[in-house]
Amino acid sequence: MAEPETEARKPVLQLKSQKFRDARQGDWRALNAALDKIDSRGLGQFSIDEILNLPVLYRSAMSSLSMAQSISLDRNMITYLQALCARAYVTIYGPHTRFKDVVSSFFLKAWPQAIRKLAAELW
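In structure tokens, the structure reads:
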């Protein structure tokens, strides 16, 4: 008879690492799949609904990260969420120019312009 009373005293909400992961992993996978799709094909392949859902998935992952850190869950899960959130942040809010465009712009425009300005001051 003592066992049912002990179980009745346990808190209703017990966030274990596996329960936490199971409840939220679908959103993490959806965000990861969306980021992979952006990396491979760009935003042009997205529907309006998919584009509008990106920040929602990002905020959900950030919320999961915050909760995982506050209740000291599995370190591997926290590391995964940190990487996922950082990748999503850069993809959603970061610059949308390609590295090769930046480099070519520098060598074709900015550098020659700087040389011309310097030459004008020297001669």
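Heads up: take any position in the sequence shown, counting from 1, add 1111, and you land on our numbering. Every residue, glycine too, gets a C-beta built ideally from N, C-alpha and C.
Query, Result
"Under 8 Å between C-beta atoms of I1189 and A1179", "yes"
"The region 1168 to 1177 / the region 1222 to 1232 touching (three or more Cβ pairs under 8 Å)", "no"
"Residue environment, L1219, which counts as buried when at least 16 other CB atoms sit within 10 Å", "exposed"
"Segment contact, 8 Å Cβ cut-off, at least three pairs: the region 1162 to 1176 with the region 1129 to 1138", "yes"
"Buried/exposed call for I1149, threshold 16 Cβ in 10 Å", "buried"
"Nearest-angstrom Cα separation, counted from S1181 out to K1127", "13 Å"
"Under 8 Å between C-beta atoms of F1161 and A1145", "A quick correction: the sequence has Glu, not Phe, at residue 1161. Yes, these two residues count as a Cβ contact at 8 Å."
"DSSP three-state assignment for I1182, whether helix, strand or coil", "coil"
"Cα-Cα separation between W1234 and H1207, rounded to whole angstroms", "39 Å"
"Backbone secondary structure at K1228 - three-state DSSP", "helix"
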